[in-house]
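Participant: My structure is below; once you've seen it, I'll send some questions.
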Amino acid sequence: MMRSALRFLRSVPVACQRSMSQSSLAGKVAIVTASTDGIGLAAAQALGKRGAHVVVSSRRQANVDKAVALLQSQSIKVIGTTCNVGKGEDREKLVQTTLDQCGGIDILVSNAAVNPFFGNIMDSTEDVWDKILAVNVKAAFLLTKLVMPHMVKRGGGNVIFVSSVAGYQPMQGLGPYSVSKTALLGLTRALAPELAHSNIRVNCVAPGVIKTRFSSALWQNEDVEDELKKQLCIKRVGEPEEIGGVIAFLCSEEASYITGETVTVTGGMSCRL
Ligand code: NAP
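If you want the working numbering, it's the position in the sequence shown, counting the first as 1, plus 24.
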């Protein structure tokens with residue numbers, strides 16, 4: 025048995041063996057917020073397939089149960105809990121549940137966002153701004169602050185923020201949301217140098233239009249989708265798995281020299297600040 029395993033390993037090229045171990049997240053514990061659907065679920069899947077123990081969460085228990093069952097059916101090590109990231113007590117519960125059930129924290133993917141407003145930015149109200157900034161920006165920072173001491177105990181970790189192409193070029197009708205996504209680019213850069221001292225890398229992913237419920241207005245109508253495709257080099261809307269894989273890469277040893285960076289994953293939409 026031992027001899028045949030050795031023979032197999034010898035037959036695998038060295039470069040391949042190295043990349044297998046560097047992309048592995050075995051033994052890591054990963055919190056992914058808003059992970060019962062769309063990009064968050066795909067990120068949980070990608071991290072779990074690389075061996076991480078993943079913690080899925082969102083506001084609704086029924087959604088959490090469904091996501092846990094799906095990931096378990098794919099042999100992913102997973103637990104789930106409800107967490108509305110806009111609520112301090114929920115964020116604390118998410119972290120404590122993770123520590124109690126998984127024994128530590130190595131990865132935080134801060135993926136949750138809301139957009140309660142569509143229209144001219146001058147018509148947006150203080151309530152709209154409070155809600156968007158609280159959930160999309162402040163919660164991302166406060167969760168990072170909560171998990172940081174636990175990553176330090178593990179000798180380091182990874183934080184990933186999910187921004188948007190709208191953070192580079194505000195989308196029409198989505199002014200406050202777009203501004204919140206630009207803020208995440210700044211947050212990534214502000215945190216990276218401070219957390220590098222603790223061996224924590226901080227990176228960000230800025231998706232283009234990805235096929236999820238959140239963006240359905242952009243791809244469910246054929247005319248709107250055709251107009252959108254004109255802005256893309258790759259003439260299709262992205263899939264959540266195409267963001268999940270990039271997130272898992274950024275959390276892996278393959279990305280060990282990347283921090284303070286935002287990776288745009290847009291099918292070739294132009295992104296410039
Ligand atoms: P989605 O498919 O609609 O999924 C949204 C998820 O968020 C659900 O699991 C939902 O579950 C959860 N959720 C909503 N509000 C929450 C809150 N306050 N706290 C915790 N969980 C919450 O959305 P998505 O498209 O994957 O979007 C995920 C991220 O990608 C967002 O940050 C979004 O801005 C970004 N993004 C998306 C696109 C795109 O084209 N789809 C493009 C660029 C960026 P519950 O209802 O159970 O809470």
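All C-beta atoms in this analysis are idealised placements derived from N, C-alpha and C, irrespective of residue type, glycine included.
Considering only C-alpha positions, which residue in the set Asp130, Ser134, Gly64 and Ser148 is nearest to Gly179?
Facilitator: Closest option to Gly179, Cα to Cα, is Asp130.
Participant: Can you give me the C-alpha to C-alpha distance between Ser45 and Asp147, rounded to a whole angstrom?
Facilitator: C-alpha separation (whole angstroms): 52 Å.
Participant: Report the rounded CA-to-CA distance for Ala70 versus Gly268, giving the unit in angstroms.
Facilitator: Approximately 6 Å, taken between the alpha carbons.
Participant: In this structure, how does DSSP classify Pro231 when only helix, strand and coil are distinguished?
Facilitator: Pro231 falls in the strand class under three-state DSSP.
Participant: Compute every distance between the C-beta of Pro231 and the non-hydrogen atoms of the ligand NAP, then say whether any falls below 6 Å.
Facilitator: Yes, since a heavy atom of the ligand NAP falls inside the 6 Å radius drawn around the Cβ of Pro231.
Participant: Helix, strand or coil for Ile224 per DSSP?
Facilitator: The answer is strand: DSSP assigns Ile224 an E or B state.
Participant: Quick one: is Leu201 buried, meaning 16 or more other Cβ sit within 10 Å of its Cβ, or exposed?
Facilitator: Checking the sequence, you will find Tyr at residue 201 rather than Leu. Buried, since its Cβ has 16 or more Cβ neighbours within 10 Å.
Participant: Pull up the distance between the alpha-carbon of Gly291 and that of Leu170, whole angstroms please.
Facilitator: Cα to Cα, the separation comes out at about 34 Å.
Participant: What is the DSSP secondary structure of Ile100, counted as helix, strand or coil?
Facilitator: Here Ile100 sits in coil by DSSP.
Participant: Check for me: the beta strand (DSSP E) holding Ala54 runs from which residue to which?
Facilitator: From DSSP, the beta strand (DSSP E) with Ala54 extends over Val53 to Val56.
Participant: Cβ of Ile271 within 6 Å of any heavy atom in the ligand FMN?
Facilitator: In the structure on display, the ligand FMN does not appear, and the ligands it does have are the ligand NAP.
Participant: According to DSSP, what are the bridge partners of Ser59?
Facilitator: Looking at the DSSP assignment, Ser59 forms no beta bridge with any residue, so it has no partner.
Participant: With contact counted as at least three CB pairs below 8 Å, one residue from each stretch, are the stretch 246-263 and the stretch 208-226 in contact?
Facilitator: The answer is no - the stretch 208-226 does not touch the stretch 246-263, with fewer than three Cβ pairs under 8 Å.
Participant: Please name the residue, chosen from Ile282, Ile224, Lys52 and Gly191, that lies closest to Ala15 on a Cα-to-Cα basis.
Facilitator: It is not possible to answer for residue 15, since the shown part of the chain is limited to 25 through 297.
Participant: Looking at the structure shown, is Ile300 part of a helix, part of a strand, or coil, going by DSSP?
Facilitator: Within the shown structure, residues of the chain are numbered from 25 to 297, placing residue 300 beyond reach of any answer.
Participant: Can the beta-carbon of Ile145 be found less than 7 Å from the beta-carbon of Gly199?
Facilitator: In contact: Ile145 and Gly199 (Cβ atoms closer than 7 Å).
Participant: For Met293, which of Ala50, Met195 and Arg115 has the nearest alpha-carbon?
Facilitator: Checked all of Ala50, Met195 and Arg115; the closest Cα to Met293 is Met195.
Participant: Give the straight-line distance between the Cα atoms of Glu246 and Pro140, rounded to the nearest whole angstrom.
Facilitator: Their Cα atoms are separated by approximately 24 Å.
Participant: Please report the distance separating the alpha-carbon of Gly143 from that of Gly284.
Facilitator: Between Gly143 and Gly284, the C-alpha separation is close to 32 Å.
Participant: According to DSSP, is Thr283 part of a helix, a strand, or is it coil?
Facilitator: Thr283: coil per DSSP, three-state reduction.
Participant: Under 7 Å, do Ala66 and Glu265 count as touching if we go by C-beta distance?
Facilitator: The answer is yes: Cβ separation under 7 Å.
Participant: Could you tell me which uninterrupted beta strand (DSSP E) segments, each at least 3 residues in length, are contained entirely in the stretch 83-152, listed from first to last along the chain?
Facilitator: As far as the stretch 83-152 is concerned, its whole beta strand (DSSP E) runs of at least 3 residues are 102-106 and 131-134.
Participant: Kindly examine the ligand NAP and report whether one of its heavy atoms sits closer than 6 Å to the Cβ of Arg115.
Facilitator: No, the ligand NAP has no heavy atom inside 6 Å of this Cβ.
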